[in-house]
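As structure tokens, the structure follows; a few thoughts come after it.
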Amino acid sequence: MTPPEPSIWMIGDLQGCYQPLRELLSHPDIRADPNARFWFAGDLVNRGPNSLATLKTVMALGDRAVSVLGNHDLHVLAVAAGVRKPGKSDTIDDILGAPDAQEMIDWLRHCPLAHYEQRHLLVHAGVLPKWTTEKTLELAGEVEQALRGPDWKARLAKMYGNEPTQWNDNFRGSKRLRVIINAMTRMRMCDKNGHMEFTFKGAPINNGQLMPWFDVPKRAATQDTIVFGHWSTLGLMLRPDVICLDSGCVWGRQLTAMRLQDHKIVQIPCDQYQEPKDH
1 MTPPEPSIWM IGDLQGCYQP LRELLSHPDI RADPNARFWF AGDLVNRGPN SLATLKTVMA
61 LGDRAVSVLG NHDLHVLAVA AGVRKPGKSD TIDDILGAPD AQEMIDWLRH CPLAHYEQRH
121 LLVHAGVLPK WTTEKTLELA GEVEQALRGP DWKARLAKMY GNEPTQWNDN FRGSKRLRVI
181 INAMTRMRMC DKNGHMEFTF KGAPINNGQL MPWFDVPKRA ATQDTIVFGH WSTLGLMLRP
241 DVICLDSGCV WGRQLTAMRL QDHKIVQIPC DQYQEPKDH
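Numbering-wise (UniProt numbering), the sequence shown opens with residue 1 and increments by one.
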């Protein structure tokens, strides 16, 4: 008899919250399947109290885990590369100062920007309205190739900035990669034409001009379910076309996991952990 397929648990932003992660992985519903696999929605590290242990725990899962890159994960790479300075609220010194820091940096820069399986597309922040699933994976591959190459530090240095705010197939070089990274790791709101708006960080609104990226009219990637994090003020959201798993663990709320096969939810309360200073 063919053994059942392993469960896949999709997990929201960790941001260095090691204790909730440990409790989540020990939950009876998750431990029930010893072959369970894990999808992490990015932002494994930073702002929480123990980025090092959190990252090492995910790495130790080996082939059972996949994590897409989030904006905080990219920030670690940028600080390690010397192209960005640490922020006041960063909690990544334990990673950068570790004896095996280079191994962890190399592991992070080999993480995918997007992952697709069983009609679910995993990204950290979102997918531009013009992009199909196939286009998203193709463009993610361009960034992944740049980050995994020998000149990754120089390439990463040119990937930061808010412009352009929209996609054009004719973009080349750093401008092209910047739009891809911004969409998949930073985007929350867009205007009605699908142009990204980066200053808005609150709970979503839709006033006909500004709206969540997933509510832009005529969005292309509607045949699959897009799974993302990044938006703690949106919180846990379950729709047929989109699932948000960032339930604000680092802000003292919950760490959320959802089983892909049946959308069963497991949550770990995080109110006993100290909140970081700001967003």
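Just so you know, even glycine gets a beta-carbon here, dropped at the ideal spot from N, CA and C.
Taking C-beta atoms as the reference points, residue 127 and residue 221 count as a pair closer than 7 Å.
Pairing residue 163 with residue 188, the inter-Cα distance amounts to about 15 Å. Non-local C-beta neighbours of residue 14 in its own chain, meaning closer than 6 Å and more than five positions away in sequence, comprise 21, 44, 54, ordered along the chain. Setting aside the 5 residues that flank it on each side, residue 70 is surrounded in the same chain by 42, 43, 124, 185, each with a C-beta closer than 6 Å to its C-beta; the list follows chain order. Judged by their CB atoms, residue 245 and residue 256 are nearer to each other than the 7 Å cut-off.
Of all alpha-carbon atoms in 183, 223, 165, the one lying nearest the alpha-carbon of residue 143 is that of 183. Around the beta carbon of residue 254, a 10 Å sphere encloses 16 or more other beta carbons of the protein chains shown; the residue is thus reported as buried.
DSSP places residue 166 in the coil class of the three-state scheme, outside both helix and strand.
Inclusion of residue 243 and residue 121 in the CB contact set at 7 Å is not warranted, their separation being larger than that value.
7 Å or more divides the Cβ of residue 196 from the Cβ of residue 178.
Where residue 145 is concerned, the enclosing alpha helix (DSSP H) starts and stops at 133 to 148.
Residue 262 counts as exposed, since fewer than 16 other C-beta atoms from the protein chains shown sit within 10 angstroms of its C-beta.
Apart from the 5 residues on each side of it in sequence, residue 266 sits with its Cβ closer than 6 Å to the Cβ of 27, 29, 257 in its chain, given in chain order. In the three-state reduction of the DSSP assignment, residue 116 falls in the strand class, which pools E and B. Non-local C-beta neighbours of residue 248 in its own chain, meaning closer than 6 Å and more than five positions away in sequence, comprise 232, ordered along the chain. When the alpha-carbon of residue 191 is set against those of 204, 172, 212, the nearest one is in 212.
Here residue 93 has 86 as same chain residues with Cβ atoms under 8 Å from its own Cβ, once five neighbours each way along the sequence are excluded.
The continuous stretches of alpha helix (DSSP H) do not include residue 92, and DSSP gives it neither H nor E. The residue from 40, 96, 193 with its alpha-carbon nearest to that of residue 113 is 40. CA-to-CA, the gap between residue 63 and residue 207 works out to about 43 Å. Between residue 81 and residue 25, the CB-CB gap reaches or exceeds 7 Å.
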